[in-house]
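**Q** Mind having a look at this structure? Questions to follow.
Numbering (full-length UniProt numbering), first residue to last: 1 to 61.
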């Protein structure tokens, strides 16, 4: 993957950080709503996957 691909991963990770924070702010103190929790888990999973991919790409360079 080229430098442009790495920049795209970093950009998406920054977007996901914002989405994760916004979603966490939507979580109520009690009685968490399943759809909100599913959104949060989905964002966190994608972030983790991109983080691992980015580290692999950096170690290959």
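C-beta atoms are modelled at their ideal positions from N, C-alpha and C, and glycine is treated no differently. These figures come from a predicted structure and were not determined experimentally.
Taking the CB atoms as reference points, tell me whether residue 6 and residue 54 lie closer together than 8 angstroms.
**A** For the purposes of this step, residue 6 is taken as the residue at position 6 of the chain shown. For the purposes of this step, residue 54 is taken as the residue at position 54 of the chain shown. Taking 8 angstroms as the Cβ cut-off, residue 6 and residue 54 qualify as a contacting pair.
**Q** Are the beta-carbon atoms of residue 45 and residue 23 separated by less than 8 angstroms?
**A** For the purposes of this step, residue 45 is taken as residue 45 along the chain shown, with counting starting at 1. For the purposes of this step, residue 23 is taken as residue 23 along the chain shown, with counting starting at 1. No.
**Q** By alpha-carbon positions, which one of 61, 50, 59 ends up nearest to residue 12?
**A** Taking the chain shown and counting its residues from 1, one reaches residue 12 at position 12. Considering only alpha carbons, the answer is 50.
**Q** Exposed or buried, what is residue 41 when buried is set at 16 or more other beta-carbons lying within 10 Å of its beta-carbon?
**A** In the chain shown, counting from the first residue as 1, residue 41 sits at position 41. The residue in question, residue 41, is exposed, as its Cβ has fewer than 16 Cβ neighbours within 10 Å.
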